[in-house]
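Numbering (the working numbering), first residue to last: 1 to 213.
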């Protein structure tokens with residue numbers, strides 16, 4: 001249900017972004033009307049979603065869930081996940097409101113500077129805003145905290161993509177090689193090494209990393 005709603009919203013926003021700069025007269029008025037409608041709808045969805053998420057978070061904090069049969073007892077949840085700013089930041093990211101997302105997750109890392117989840121949201125939001133250097137800082141901070149080779153490989157690949165997008169291809173190749181060293185089965189670094197070799201092409205950040213959000 002929600003996937004369909006956001007798909008339609010994104011489709012309409014893309015139409016507005018494509019046509020508005022060159023539109024005139026009634027077409028321009030129509031696009032502006034659609035934009036205002038999307039803005040109202042996104043605010044309404046966000047308000048309702050945040051209210052529900054905060055109630056859910058409050059319940060989770062005070063409820064005791066027994067372990068399911070044949071399942072391991074889960075580890076204690078990271079405390080920052082229950083923060084209102086974390087919940088709001090997630091919502092803003094899903095609604096593509098990246099500047100507001102960044103503001104919320106800055107509050108999270110002010111209290112939990114080693115939160116991998118918050119750092120990843122910040123890195124991806126900054127990348128969406130075109131700020132590769134700030135995204136680099138958050139991804140680099142994550143590397144010192146990560147023990148799993150597969151996740152390290154994904155972070156090195158993302159760092160390589162930042163350097164390659166800046167045409168710093170020698171540094172990018174080193175980072176893609178480090179990615180493969182940690183996980184030889186990861187497909188994206190090999191594609192990105194070829195982009196570096198050709199000095200052109202589409203870089204692949206990795207769907208697996210994005211799927212963690």
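We treat Cβ as the ideally placed atom computed from N, Cα and C, and that holds for glycine.
Put simply, the segment 120 to 137 touches the segment 78 to 93. At least three CB pairs are less than 8 angstroms apart. Ranked by Cα distance from residue 179, the options 11, 158 and 207 are led by 158.
For residue 144, the secondary structure class from DSSP, reduced to helix, strand or coil, is coil.
Per DSSP, reduced to three states, the secondary structure at residue 9 is helical. As the crow flies, the alpha-carbon of residue 149 is around 34 angstroms from that of residue 7. From the listed residues 102, 208 and 118, the smallest Cα separation to residue 82 is found for 118. In the pairwise beta carbon analysis, the segment 167 to 178 is classified as not touching the segment 137 to 144: fewer than three pairs are separated by under 8 angstroms. Comparing alpha-carbon positions, the option among 108, 78 and 79 lying closest to residue 88 turns out to be 108.
DSSP places residue 34 in the helix class (H, G or I) of the three-state scheme.
Within the same chain, Cβ atoms closer than 7 angstroms to the Cβ of residue 208 are found at 154, the five residues on either side in sequence being excluded. Note on geometry: alpha-carbon atoms of residue 28 and residue 20 lie some 6 angstroms from one another.
DSSP places residue 205 outside any alpha helix (DSSP H), giving it a letter other than H or E. Judged by DSSP secondary structure, residue 78 falls outside any alpha helix (DSSP H); it is assigned neither H nor E. For residue 25, the number of other beta carbons within 10 angstroms of its own is below 16, and it is reported as exposed.
Judged by DSSP in its simplified three-state form, residue 85 adopts helix.
Counting the other CB atoms within 10 Å of its CB gives residue 192 a total of 16 or more, which places it among the buried residues. Here residue 16 has 31, 34 and 35 as same chain residues with Cβ atoms under 7 angstroms from its own Cβ, once five neighbours each way along the sequence are excluded. In this structure residue 59 is exposed. Its beta-carbon is surrounded by fewer than 16 other beta-carbon atoms within 10 angstroms. Between residue 156 and residue 213, the CB-CB gap reaches or exceeds 9 angstroms. The C-alpha of residue 135 lies about 9 angstroms from the C-alpha of residue 162. Looking at the backbone, the Cα of residue 115 and that of residue 86 are separated by about 11 angstroms. Check the Cα spacing between residue 78 and each of 99, 106, 111 and 55: the tightest is with 111.
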